[in-house]
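As given, the protein sequences belong to chains P and D, one line each in that order. According to this note's numbering, the first sequence is numbered sequentially starting from 1. According to this note's numbering, the second sequence is numbered sequentially starting from 238. All residues carry an ideal CB built from backbone N, CA and C; glycine is no exception. These numbers come from a predicted model, not from an experiment.
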Amino acid sequence: MSRPYLVVSELSISYGNISAVRKVSFRVDEGEIVTLIGANGAGKSSILRALSGLIPFSGTVMFRGTDLGNMPPDRIVALGVAHVPEGRGIFGNLSVLENLRLATWQRKDGDGVRRDLDRVLALFPRLNERKEQPGGTLSGGEQQMLALGRAMMSRGNLLLLDEPSMGLAPVLVRDIFRVLRELNGEGTTILLVEQNAHMALQTASRGYVLETGRIVLTGTGRELDADPRVKEAYLGK
Amino acid sequence: MFYIIQQTLNALQLGSIYALIALGYTMVYGILTMINFAHGDLFMVGAFLCFVAATFFHMSFIPALLLSILGTALLGVVIEKFAYKPLRQAPRVSAIITALGVGIFLENFTLALNPYPRFIPPLVCNLTWTFGELSFSLLQVMIITLSVILMLLLDFTVRRTMVGMAMRAISWDKSVAPLMGIPVNRIISATFAIGTGLGGAAGMMYGLAYPVIDPYMGIMVGWKAFISAVVGGIGNIRGAMIGGFILGAVEILVAAFFPSTYRDFVAFALLLVLLIFRPHGILGKPHAQKV
Numbered sequence: 001m002s003r004p005y006l007v008v009s010e011l012s013i014s015y016g017n018i019s020a021v022r023k024v025s026f027r028v029d030e031g032e033i034v035t036l037i038g039a040n041g042a043g044k045s046s047i048l049r050a051l052s053g054l055i056p057f058s059g060t061v062m063f064r065g066t067d068l069g070n071m072p073p074d075r076i077v078a079l080g081v082a083h084v085p086e087g088r089g090i091f092g093n094l095s096v097l098e099n100l101r102l103a104t105w106q107r108k109d110g111d112g113v114r115r116d117l118d119r120v121l122a123l124f125p126r127l128n129e130r131k132e133q134p135g136g137t138l139s140g141g142e143q144q145m146l147a148l149g150r151a152m153m154s155r156g157n158l159l160l161l162d163e164p165s166m167g168l169a170p171v172l173v174r175d176i177f178r179v180l181r182e183l184n185g186e187g188t189t190i191l192l193v194e195q196n197a198h199m200a201l202q203t204a205s206r207g208y209v210l211e212t213g214r215i216v217l218t219g220t221g222r223e224l225d226a227d228p229r230v231k232e233a234y235l236g237k
Numbered sequence: 238m239f240y241i242i243q244q245t246l247n248a249l250q251l252g253s254i255y256a257l258i259a260l261g262y263t264m265v266y267g268i269l270t271m272i273n274f275a276h277g278d279l280f281m282v283g284a285f286l287c288f289v290a291a292t293f294f295h296m297s298f299i300p301a302l303l304l305s306i307l308g309t310a311l312l313g314v315v316i317e318k319f320a321y322k323p324l325r326q327a328p329r330v331s332a333i334i335t336a337l338g339v340g341i342f343l344e345n346f347t348l349a350l351n352p353y354p355r356f357i358p359p360l361v362c363n364l365t366w367t368f369g370e371l372s373f374s375l376l377q378v379m380i381i382t383l384s385v386i387l388m389l390l391l392d393f394t395v396r397r398t399m400v401g402m403a404m405r406a407i408s409w410d411k412s413v414a415p416l417m418g419i420p421v422n423r424i425i426s427a428t429f430a431i432g433t434g435l436g437g438a439a440g441m442m443y444g445l446a447y448p449v450i451d452p453y454m455g456i457m458v459g460w461k462a463f464i465s466a467v468v469g470g471i472g473n474i475r476g477a478m479i480g481g482f483i484l485g486a487v488e489i490l491v492a493a494f495f496p497s498t499y500r501d502f503v504a505f506a507l508l509l510v511l512l513i514f515r516p517h518g519i520l521g522k523p524h525a526q527k528v
């Protein structure tokens, strides 16, 4: 636990003249589930996109001792960062199996890939039933499972999750969070971005509350869940 | 009867050349949603590379083919890097205008090096089989066979390999593909290499079949192949192949029954009619523009 895992310091992101994230610092330790919560437009997704190399940023991001600054996204994936983007990012023209296999682009261990494929299909029987179907024909919940399955196939050690509950029925949200806890139990570290703050804070060991590009509150999941200021951050003062 | 078989062979020969070129248009469109209007001129470069290989280096068929394919593939990759990549975030129309400019550059660069039409020496021995009224040459058989082999290889690559999967993934959503660990720029380069390489192969075969070549030969053939790609459904690989053969057949049919000057008119009329009734082509799917 003492070895620094993900350390983000003074991260700033801007789109043209508009600054979306201002000098945000936080850390995630190995084996934790940490959540970033905040209202729409608080900069949560931007932070995840910066961590996986999709958008430029200033400040430093260190992942297991490696500086992620200026690193292209495919190399960051190779380091073990798996990003499940907002809207899940399923390739609708590729079959379920192809979606899963594509996520192993950076892996060279054929045997391990086959084992992981069996594991994913066993964990999500719905995907197994539909493995030859194009990803675009899946329901929202199935697509989210496929997105998680892809992250497992890439052997992500750090899982960046952007709004996994978005657009899903409550029963499916519970399923997804159950899988997240399972993955975490097997050693995957998770950084979770959510608008569904209550669900996220109940699952996470620690959380950070973002408001217009800044961290305004931090604490354990339980503390934040009970804190009236969290609600304020959502509704505005 | 013989006459029909004869014309079918002619249609297959012309169609397979159109199909090979159409693949380049459709692959680039599929992955970057831009029309590479320099593609017809890359086809011309392929023919000239074959001319250089045969005339100055006295290469035989296979080495000349490899030179044409690899030379145009490399040129395609370089053009993408220096002319199109800087415009990837720009409006599509900027990239398309740039492509037109690159095409004009290629024409005039070739013209500056070589202002005269050239004759490609025959690389395939002039063997012709005759059955009654039916006659076909070894060259004709080779063009059709080679084109079909190249198309089957491409179809396999796109459908069954990781690189092909990555190409399809990028064409669906360029922003998510890097999160799968896909090196997007390298896949785009590979797409250009394969697409223009096929165009180069087509240039060589066209040059052998109709051996007088000049720097402007790519313009009309390029437009025809572009029509093929649109007829088949731009962005769709099997569509481009089908479109190429359809256009080849239409042109041979027109030339068989009407004065041959009607050929181009009918080809372009086909495009216009199709755009009215089936704007997404034969195999293309109507696709809502993503915002």
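Report, in whole angstroms, the separation of the C-beta atoms of Asp74 (chain P) and Gln106 (chain P), which I expect to be a contact under 8 Å.
-> The count along the first sequence starts at 1 and reaches residue 74 (chain P) at position 74. The count along the first sequence starts at 1 and reaches residue 106 (chain P) at position 106. Going by Cβ atoms, the distance from Asp74 (chain P) to Gln106 (chain P) rounds to 7 Å, so yes, they are a contact pair.
Partners in chain P for Val395 (chain D), counting only beta-carbon separations shorter than 7 Å = Position 158 of the second sequence holds residue 395 (chain D). Neighbours of Val395 (chain D) on chain P: none; closest Cβ ~11 Å, over 7 Å.
Straight-line gap, Leu302 (chain D) to Val449 (chain D) (C-alpha atoms, nearest Å) | Indexing the second sequence from 1 puts residue 302 (chain D) at position 65. Indexing the second sequence from 1 puts residue 449 (chain D) at position 212. Cα-Cα distance, rounded: 17 Å.
Interface flag, Val209 (chain P) vs chain D, CB-CB below 8 Å = Taking the first residue of the first sequence as position 1, residue 209 (chain P) is located at position 209. Val209 (chain P) does not count as touching chain D.
Quick one: give me the first and last residue of the alpha helix (DSSP H) that Ala248 (chain D) is part of.
-> Locating residue 248 (chain D) in the second sequence gives position 11, where the first residue counts as 1. Segment Phe239 to Leu269, the alpha helix (DSSP H) holding Ala248 (chain D).
Buried or exposed by the 16-neighbour rule on C-beta atoms within 10 Å, applied to Gln590 (chain D) = This structure cannot speak to residue 590 (chain D), because chain D is shown only from 238 to 528.
Where Gly89 (chain P) meets chain A, residues with beta-carbon distance less than 7 Å | No chain A appears in the structure shown, which is made up of the protein chains P and D.
Do three or more CB pairs link the stretch 426–434 of chain D to the stretch 307–327 of chain D at distances below 8 Å?
-> yes
Spell out whether any CB of chain D is found under 8 Å from the CB atom of Arg101 (chain P).
-> The residue labelled residue 101 (chain P) in the question sits at position 101 within the first sequence. Interface residue, yes.
Use the C-beta contact count for Pro56 (chain P): other C-beta atoms within 10 angstroms, 16 or more gives buried, fewer gives exposed.
-> Numbered from its first residue, the first sequence carries residue 56 (chain P) at position 56. Exposed: under 16 other Cβ atoms inside 10 Å.
When the Cα of Gln203 (chain P) is compared with those of P:Leu183, P:Thr212, P:Gly136 and P:Leu210, which residue comes out closest?
-> Here residue 203 (chain P) is taken as the residue at index 203 of the first sequence, counted from 1. It is Thr, not Gln, that sits at residue 203 (chain P) in the sequence shown. Ranking P:Leu183, P:Thr212, P:Gly136 and P:Leu210 by Cα distance to Thr203 (chain P) puts P:Leu183 first.
Is the CB-CB distance between Ile474 (chain D) and Thr270 (chain D) below 8 Å?
-> Indexing the second sequence from 1 puts residue 474 (chain D) at position 237. Indexing the second sequence from 1 puts residue 270 (chain D) at position 33. Not in contact: Ile474 (chain D) and Thr270 (chain D) (Cβ atoms no closer than 8 Å).
How about Pro328 (chain D): is its C-beta nearer than 8 Å to some C-beta of chain P?
-> For this step, residue 328 (chain D) is matched to residue 91 along the second sequence. No, because no Cβ of chain P sits closer than 8 Å to the Cβ of Pro328 (chain D).
Let me know the secondary structure DSSP gives Glu223 (chain P) once reduced to three states.
-> For the purposes of this step, residue 223 (chain P) is identified with residue 223 of the first sequence, where counting begins at 1. Helix at Glu223 (chain P).
Output, in sequence order along the chain, the residues in the stretch 65–84 of chain P whose CB is closer than 7 Å to any CB in chain D.
-> Pro73, Asp74, Val77, Ala78 and His83
Answer yes if the stretch 130–149 of chain P comes into contact with the stretch 88–97 of chain P, meaning at least three C-beta pairs across the two stretches below 8 Å, and no otherwise.
-> yes
So Met62 (chain P) is in the beta strand (DSSP E); what residue range does that whole segment cover?
-> The residue you call residue 62 (chain P) lines up with position 62 of the first sequence. Taken as a continuous stretch (DSSP letters only), the beta strand (DSSP E) holding Met62 (chain P) covers Ser58 to Phe63.
Applying a beta-carbon distance threshold of less than 8 Å, which residues of chain P neighbour Ala427 (chain D)?
-> Translated into the one-based positions of the second sequence, residue 427 (chain D) becomes position 190. Those within 8 Å of Ala427 (chain D) in chain P number zero; the least Cβ separation is about 13 Å.
Local conformation of Glu344 (chain D) per DSSP, three classes = The count along the second sequence starts at 1 and reaches residue 344 (chain D) at position 107. Note: Glu344 (chain D) maps to helix in three-state DSSP.
So Gly140 (chain P) and Phe124 (chain P) are in contact, right, with Cβ under 8 Å, and what is the actual spacing, rounded?
-> Indexing the first sequence from 1 puts residue 140 (chain P) at position 140. Indexing the first sequence from 1 puts residue 124 (chain P) at position 124. Their Cβ separation, rounded to whole angstroms, is 14 Å, which puts Gly140 (chain P) and Phe124 (chain P) out of contact at 8 Å.
State whether the stretch 490–499 of chain D contacts the stretch 284–302 of chain D, with contact taken as three or more CB pairs (one from each stretch) at a distance under 8 Å.
-> no
Option nearest Ser465 (chain D) by Cα separation, candidates D:Gly437, D:Trp409, D:Asp278 and D:Leu507 = Start at 1 with the first residue of the second sequence, and residue 465 (chain D) comes out as number 228. If we check each option's Cα against that of Ser465 (chain D), D:Leu507 comes out closest.
Identify which residue in D:Leu350, D:Asn345 and D:Ala320 has its Cα closest to the Cα of Ile333 (chain D).
-> Taking the second sequence and counting its residues from 1, one reaches residue 333 (chain D) at position 96. When only C-alpha atoms are compared, the closest one is D:Ala320.
If you drop the 5 nearest sequence neighbours on each side, which residues of the same chain put their C-beta closer than 7 Å to that of Thr428 (chain D)?
-> Residue mapping note: residue 428 (chain D) aligns to position 191 of the second sequence, counting from 1. Excluding positions up to five away in sequence, the list reads Met264, Val265, Ile268 and Met404.
May I have the straight-line CA-CA distance separating Ile13 (chain P) from Glu211 (chain P), to the nearest angstrom?
-> In the first sequence, the residue the question calls residue 13 (chain P) occupies position 13. In the first sequence, the residue the question calls residue 211 (chain P) occupies position 211. Computed Cα separation, rounded: 14 Å.
Contact belief for Val81 (chain P) with Leu51 (chain P) at Cβ below 8 Å, rounded distance in angstroms | One-based indexing of the first sequence puts residue 81 (chain P) at position 81. One-based indexing of the first sequence puts residue 51 (chain P) at position 51. About 7 Å; that satisfies the 8 Å criterion.
Mind checking which residues open and close the beta strand (DSSP E) that includes Phe482 (chain D)?
-> As a working mapping, residue 482 (chain D) is identified with position 245 in the second sequence. No beta strand (DSSP E) holds Phe482 (chain D); the alpha helix (DSSP H) holding it covers Ile474 to Phe494.
Using a Cβ-Cβ distance under 8 Å, would Ala20 (chain P) count as near chain D?
-> Reading the first sequence from its first residue, position 20 is the one you call residue 20 (chain P). No - not a single Cβ of chain D is within 8 Å of the one on Ala20 (chain P).
Taking just the CA atoms, how far does Glu344 (chain D) sit from Leu279 (chain D)?
-> Translated into the one-based positions of the second sequence, residue 279 (chain D) becomes position 42. Translated into the one-based positions of the second sequence, residue 344 (chain D) becomes position 107. Distance between the alpha carbons of Leu279 (chain D) and Glu344 (chain D): 9 Å.
Report yes or no: is there a C-beta of chain D within less than 8 Å of the C-beta of Glu98 (chain P)?
-> To locate residue 98 (chain P), count along the first sequence from 1; it is residue 98. It does; some Cβ of chain D falls within 8 Å.
From Gly53 (chain P) to Val61 (chain P), what does the alpha carbon distance come to, in whole angstroms?
-> Counting from one through the first sequence, the residue named residue 53 (chain P) turns up at place 53. Counting from one through the first sequence, the residue named residue 61 (chain P) turns up at place 61. Roughly 10 Å between the two C-alpha positions.
His295 (chain D) - DSSP class collapsed to helix/strand/coil | Working through the second sequence from its first residue, we reach residue 295 (chain D) at position 58. The answer is coil: DSSP assigns His295 (chain D) none of H, G, I, E or B.
Helix, strand or coil for Pro134 (chain P) per DSSP?
-> Taking the first sequence and counting its residues from 1, one reaches residue 134 (chain P) at position 134. Strand.
In the DSSP assignment, find the unbroken beta strand (DSSP E) run with Ala430 (chain D) in it and report its ends.
-> Along the second sequence, read from residue 1 onward, the residue named residue 430 (chain D) stands at position 193. Per DSSP, Ala430 (chain D) belongs to no beta strand (DSSP E); it is in the alpha helix (DSSP H), Val421 to Ala446.
Give the DSSP bridge partners of Val84 (chain P), in chain order.
-> Mapped onto the first sequence, residue 84 (chain P) falls at position 84. Beta-bridge annotation (DSSP): Val84 (chain P) is paired with P:Leu161.
In the structure shown, what three-state DSSP assignment does Thr218 (chain P) receive?
-> For this step, residue 218 (chain P) is matched to residue 218 along the first sequence. Strand.
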